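In this text, residue positions in the sequence shown follow my numbering: the first is -14, and each later residue adds one. Heads up, the beta-carbon is just placed ideally off N, CA and C, and yes, glycines get one too. Remember, it's a predicted structure, so these values are computed and weren't measured experimentally.
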Amino acid sequence: VVPAMVKKTIQLYETMLVRHGVMLVGPTGGGKTTCYETLKMTLTSLHAQGIDDPDYLPVHTYVLNPKSISMGELYGEVNKLTLEWQDGLMALTVRQCVQDTSEDHKWIVCDGPVDALWIENMNTVLDDNKMLCLANSERIKLNATIHMLFEVQDLAVASPATVSRCGMVYVDPGQLGWKPYVTSWLQRVGGKLKEDAQ
């Protein structure tokens, strides 16, 4: 257990209590994914143990990389052949989360660099309206169980309008030190050595 990572996980939890949009900022390999995965496992485990708290509920994550697809594939577009609207991955994911009426937490994680092109469309999702507005004039209202997480390296091209709508958690790999990396490597190598020995 790394105290710095425990601190960041608690910081993420506290930020998510007050904001439905959170940006995990830090360099690649710094522990951003580990931070939210740890919080996910903790909340799910606390619920499984029967601890009575409205925030201790199972967590379902939906991870996508917005920069790996086009804007039409992300939010949706009109099919040029059939002239029918086709939802994009973000619209499909938000719709799926909204249709799930359970009290479980749903975290939509956008893992990848922030780009002014796709992030600006998230401003209505991140403000108090919590509304995803699509190009076909459809509006999807997010419920209280849905959180947006953005796993980003930096905020160099993010507008102040977007940044001001999100909670921020900076994950500094320098605070981790070298021991977690070596321990993880030894666990992988140790398992492999045992397999080879047998």
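Which residues in the same chain have their Cβ closer than 6 Å to the Cβ of residue i, if we skip the five residues on either side of it in sequence?
i	result
K(-7)	C20 and V156
For residue i, tell me which candidate among the options has the shortest Cα-Cα distance.
i	options	result
L28	I54, D85 and D89	D89
C95	E22, P43, V167 and V137	V137
W92	E62, T130, N108 and P39	T130
Count the other CB atoms, across all protein chains shown, that sit within 10 Å of the CB of residue i; report buried if there are 16 or more and exposed otherwise.
i	result
A146	exposed
L(-3)	buried
L102	exposed
Excluding five sequence neighbours on each side, which residues of the same chain lie with their C-beta closer than 8 Å to the C-beta of residue i?
i	result
S53	G97
L111	H5, G6, M133, T147, R150 and C151
Could you check how far apart the C-beta atoms of residue i and residue j are, in whole angstroms? I think they sit under 8 Å.
i	j	result
Y47	T86	Not really, about 16 Å apart at Cβ, beyond 8 Å.
I184	A141	Past the boundaries of the shown model lies residue 184; the chain is included only from -14 to 183, so the question cannot be answered.
D72	G57	That pair is no contact at about 10 Å.
F135	L9	7 Å
If you draw a straight line from the alpha carbon of residue i to that of residue j, how long is it in whole angstroms?
i	j	result
V32	Y41	Just to set this straight, residue 32 is His in the shown sequence, not Val. So the alpha carbons of these two residues sit roughly 5 Å apart.
C82	V174	39 Å
M107	K177	44 Å
M116	T67	27 Å
L59	G16	26 Å
E(-1)	E69	42 Å
G35	V44	15 Å
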